[in-house]
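Residue numbering for the sequence shown is 9 to 163, as defined by my numbering.
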Amino acid sequence: MTPAINCLKKANVNHLIHHYDHDPNSRVYGEEAAEKLNISRDRLFKTLIVSVDDKNLSVALVPVSRQLDLKKFVKALGSKKAKMADKNDVQRTTGYILGGVSPFGQKKKLTTLIDRSALTFDTVYVSAGQRGLQIELSPENLGIQTNAKYVDICK
């Protein structure tokens, strides 16, 4: 079990775990997961870690089919600037490797924003904390468990 799965079990959150055989040569983790699980790239949300104002890290959950709009992201946070976080900072802060970063069970609780499009689905998929493993749950439970706000943060 990963910290993400343990977090949801402890909170008694209704969810499903989906496993697929991850290709270690793949660097497009979300696209690979969507293809191998045969789900829409719109329903699978990637967990992106963003450095805000050069001091804080925050989480953006956006569909694999779309790109994060950093200007919309910082505006939603009421900040001035943002950039994608350094890989080492991501791993140190979340406890997860790239391609397996889950919004649940991170080492440090980070401010989280979820793209509003998640609310159009009965369930969405997010990383379960390792490559080849996804969690399916309602977008409402995703928001509750991450203490997130739903906003338009995609290009």
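We put the beta carbon where it would ideally sit given N, CA and C, even for glycine.
The C-alpha of Tyr-133 is placed about 9 angstroms away from the C-alpha of Leu-24.
Out of Asp-50, Tyr-37, Asn-33 and Glu-39, the CA that lies nearest to the CA of Phe-129 is found in Asp-50.
Cβ contact annotation for Ser-87 (same chain, cutoff 6 angstroms, sequence separation greater than five): Val-60 and Asp-61, in chain order.
Going by DSSP, Thr-120 is part of the beta strand (DSSP E) stretching over 119-123. Secondary structure at Ile-143: strand, using DSSP grouped into helix, strand and coil.
Contact check for Ala-136 against Ala-19 fails: the beta carbons are separated by 8 angstroms or more.
Shown here, Lys-44 sits in a helix according to DSSP, grouped into three states. Taken atom to atom, the span from the alpha-carbon of Ile-161 to that of Arg-100 is near 25 angstroms. Beta-bridge pairing by DSSP links Pro-71 to Phe-53. Straight across, the Cα-Cα distance linking Val-67 with Ala-41 is about 20 angstroms. If you look at Ile-25, you'll find it in the beta strand (DSSP E) that goes 24-27. Residue pairing for Ser-34: DSSP places it in no beta bridge. For Val-134, the enclosing beta strand (DSSP E) begins and ends at 132-135.
Residue state for Lys-83 is assigned as helix, using DSSP reduced to three classes.
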